[in-house]
Structure formats: C-alpha cells, structure tokens
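The opening residue of the sequence shown carries number 173 in the working numbering; numbering runs sequentially from there.
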Amino acid sequence: MDDETSTPGRCRVCETPLLDSFTPRKDDDRFAVCTAFECSNFLERHRNLPLNLFQSQLLFHREQLRERRLARSENEARIRARVVEEEEENIRLLDAAQQELPGLAQQSPSLMVIPAGRTRMVPVSPERIESYRAHLQKVIAEARSFACVSDIPQDDQNWAPREKNLQHENAFREQPEVALVSDHLCGMCKGACCSSGQNHAYLSPLSMRRTMDENRALDDGDIAALYLSRVSSESIEGACINQTSSGCSLPKEMRADICNAYFCDPILEYQRACAASAEVPPVFAVQREYLSAATISPDTTNEVLATALVRSTGPEFTVPQED
C-alpha cells in the first residue's frame, strides 16, 4: 500500500523523525513506524484497509495524536512552572527567616521540603484487628520454620532494609546529631511514609524472628499477643494500624526493618551532605502536603503548612511569611 500521507524518514503514523538506526520491516519497508506502541498498533490494525479508507483513518488518528501530545506538552510546561514557583517560594521563606533570626545565615542552613502525614485519628475497628492478627499468625508461623535470624536466607527481600538500617546506625555513631535532626524532621512530618503500612505494618518473617529470638520464653500465641497489645484504640485514618498521633505504637526493636531503615529522599540527601562535609548544619524545613504538587498534579493545592528551623535540640517553628 502506498499513500500520499507519508513523508520519507518519518514515522508513517505520527510523522516524528525516525532514528538513523531504524530498520524497516523486512516484509514491507514501506511500513516504517517509530517505537511508540500506539503507532505500530495502529498500522497493524489498519494496514489492510482500502487506500482511501486507510488515509482517512490515518489522518484522523494523526490529529488525535497531535492533540494528545500538545496537551501533554502543555501539562509538562505547567508542571515545570509549578516546580519553579514552589522552589522560589521556599527560597523566599528561607531568606525571610535569615533576616529575622540573627546569625542564621552564617550557619548555612540546609533548605528542605518535607511532606505532611495524615493526622485524623479514628477508632481501630475489630475487622482491622482481625486482619492484623491473621497477618501476625502467618508471619509467626513462617518465622518459626527458622531456628534464628541468621538461618533466614540472605536473599530474603527484607535483608536489604536490615543492612541499610545497620549502615544508618554506623553513620549515626559518627554523627549523632544527624540522627537527632532526622528524627525531629520525621516527627514534624508525622509519618507520611507510614500510610502504606495498612494492616500488615511491613512485619516479615525476618523482623518477627528477631523479636522471637529476643523473647525465647514466649510461644507463638504470646508473640502475637505482644504485638496486638501494642495496638492503640485509635490510629491514623487510612494509615498503618500502629500509626498514632504520637508516632508508631511499636517500640523500635519490634518494628519491621524497612520501617527503621526508611528515610525520605530529602532527609537522605541531608544525611549524605553531612557525612561528606563532617558538619551538621541546621535545617530550615518547609512543610507542604506534598514534596511538590507538580508530582501529583500542577493544579493540586500545595500550600505551606509550617516552617521550622530544626536543630539536634528540636524544631523551632516560625511563622511562614515573606517580604
């Protein structure tokens, strides 16, 4: 089939330039399309149509592609503009804080945007308790098949968080103030990362076996009861069953390794910077509902909820104002 709608060196369907390395179909080199699935799929579905009908369908499809790509391009431009807008606002807030707090500029504070976790407390339903109990019983039974933590295969998916947690602990021994600043930032966030814990709290055979090793006098029922006893009567709505307004209801030694090891990207970047410079500057934290509204939607409201100067001694909340 030949038609008047194709241009040499361009995709037969969307007309984007083909790469120099493009190899036409061996069975018919006239059907040259780019790597986009929608283009190859269109051609496969319509290539046997009569020429006039094929051309009509092709022109209509091209116009749809053009409109979609234009809309996508415009949306990406709005996202970029929104990112710049929020970044500029964050810098203005930091500048205002440095003008109001004598000596802060000389301390070279680190500017950080942190998200906000859910805060609405709701009663823990009996259904959630039973779901959590069932998960505990399953994980405990799996953990019981190993004599101790070291018997769990090294390729277990939870070994990576355990090793990462050990790395954090080693680094914090070198810079204990970094650990304190990180904890204060997590407390200010109130567990945005905990919302996916649901009724399993990421507890795995590895983390459960660790608790069992530390409580060898307890049988399986006692271990389950130990975890259930830590569930509060209320928890954060739509989040982990152990997430409360004051933090995790589980002590650190009973939590999943992934919970102990996890830090969001902004905090990880701060930790790496501190390790590289051997200094622990204060953090000027700008708290928004999301790290960036543009990652959700350029139309999403993402107002500044709070600003704080965070040191190892704790956060000093400031009024988010600009000049």
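Yeah, the Cβ is synthetic: ideal placement off N, Cα and C, and Gly gets one too.
Please read these numbers as outputs of a predicted model, since none were measured by experiment.
Along the chain, where does the alpha helix (DSSP H) containing residue i start, and where does it finish?
i, result
"Ile439", "Asp437 to Ser449"
"Arg252", "Leu223 to Glu272"
"Pro325", "Per DSSP, Pro325 belongs to no alpha helix (DSSP H) and is neither H nor E."
"Glu386", "Pro377 to Glu386"
"Ile430", "Asp429 to Ala433"
With DSSP collapsed to three states, give me the class of residue i.
i, result
"Phe489", "strand"
"Leu477", "strand"
"Ala343", "helix"
"Leu190", "coil"
"Gln415", "strand"
"Arg483", "strand"
"Cys183", "coil"
"Val350", "helix"
"Val311", "helix"
"Ile395", "helix"
"Cys420", "strand"
"Ile286", "strand"
"Asp355", "helix"
"Arg334", "helix"
"Thr472", "coil"
"Tyr304", "helix"
"Ser368", "helix"
"Leu400", "helix"
"Cys320", "coil"
"Cys206", "coil"
"Ala389", "coil"
"Ala466", "helix"
Could you spell out the range, first to last residue, of the beta strand (DSSP E) harbouring residue i?
i, result
"Ser280", "Careful: Ser280 lies outside any beta strand (DSSP E) and carries neither H nor E."
"Phe456", "Val455 to Arg460"
"Glu216", "Taken as a continuous stretch (DSSP letters only), Glu216 belongs to no beta strand (DSSP E), being part of the alpha helix (DSSP H) at Phe209 to His218."
"Glu406", "Glu406 to Ile408"
"Pro295", "Met293 to Pro295"
Could you tell me which of the options sits nearest to residue i, measuring between CA atoms?
i, options, result
"Arg519", "Asp429, Arg460 and Pro348", "This structure leaves residue 519 out entirely; the chain is present only between 173 and 495."
"Arg254", "Trp331, Ile468 and Arg234", "Ile468"
"Asn337", "Leu463, Ala450, Tyr434 and Leu221", "Tyr434"
"Ser376", "Ser404, Ser464, Asp355 and Gln309", "Gln309"
"Ala343", "Ser245, Pro423 and Ala450", "Ala450"
"Ala208", "Val185, Thr416 and Asp323", "Val185"
"Glu258", "Cys366, Glu441, Val285 and His372", "Val285"
"Met426", "Ile439, Val403 and Leu283", "Val403"
"Ala288", "Met360, Arg388 and Trp331", "Met360"
"Arg381", "Leu352, Lys362, Ser322 and Ser418", "Ser322"
"Pro487", "Gln339, Pro295, Leu352 and Ile312", "Leu352"
"Cys365", "Arg388, Asp437 and Ser401", "Asp437"
"Leu422", "Leu398, Glu441 and Ala445", "Leu398"
"Asp246", "Asp471, Thr490 and Arg345", "A small fix is needed here, since residue 246 is Glu in this sequence, not Asp. Out of Asp471, Thr490 and Arg345, Asp471 has the C-alpha closest to the C-alpha of Glu246."
"Tyr374", "Pro333, Leu242 and Leu225", "Pro333"
"Arg238", "Val205, Glu187, Cys206 and Leu221", "Glu187"
"Ala326", "Val452, Leu378 and Phe232", "A small correction: the amino acid at residue 326 is Gln; Ala does not occupy that position in the sequence shown. Cα-wise, what sits closest to Gln326 is Leu378."
"Arg388", "Pro453, Cys320, Lys362 and Arg240", "Cys320"
"Pro454", "Ser464, Gln443 and Leu463", "Gln443"
"Val205", "Ala243, Arg234 and Lys362", "Arg234"
"Gly363", "Ser418, Glu346, Ser464 and Ile324", "Ser418"
"Leu283", "Thr485, Trp331 and Ile439", "Ile439"
"Asn213", "Tyr462, Cys183 and Glu260", "Cys183"
Compute the beta-carbon to beta-carbon distance between residue i and residue j, rounded to the nearest angstrom, for a pair I have assumed lies under 8 Å.
i, j, result
"Ile408", "Arg292", "7 Å"
"Leu481", "Pro281", "7 Å"
"Met384", "Ala315", "6 Å"
"Leu229", "His218", "The residue you asked about is not Leu; residue 229 is Gln in the sequence shown. That belief holds up - the Cβ atoms of Gln229 and His218 are roughly 5 Å apart, short of 8 Å."
"Arg290", "Gly410", "6 Å"
"Pro295", "Ser405", "6 Å"
Would you say residue i reaches chain C, if we count a Cβ-Cβ gap shorter than 8 Å as a contact?
i, result
"Val285", "No chain C appears in this structure, which consists of one protein chain only."
Item to check | the stretch 290-308 touching the stretch 477-486, judged by at least three CB pairs closer than 8 Å | outcome: no
Checklist entry - So does the stretch 254-270 actually touch the stretch 450-460, counting three or more Cβ pairs closer than 8 Å? => result yes
Checklist entry - Below 8 Å, can you find three or more Cβ-Cβ pairs linking the stretch 271-280 to the stretch 245-260? => result no
Checklist entry - Is there contact between the stretch 352-364 and the stretch 394-403, where contact requires at least three CB pairs shorter than 8 Å? => result no
Checklist entry - Are there three or more Cβ pairs, one per stretch, closer than 8 Å when the stretch 366-376 is compared with the stretch 427-447? => result yes
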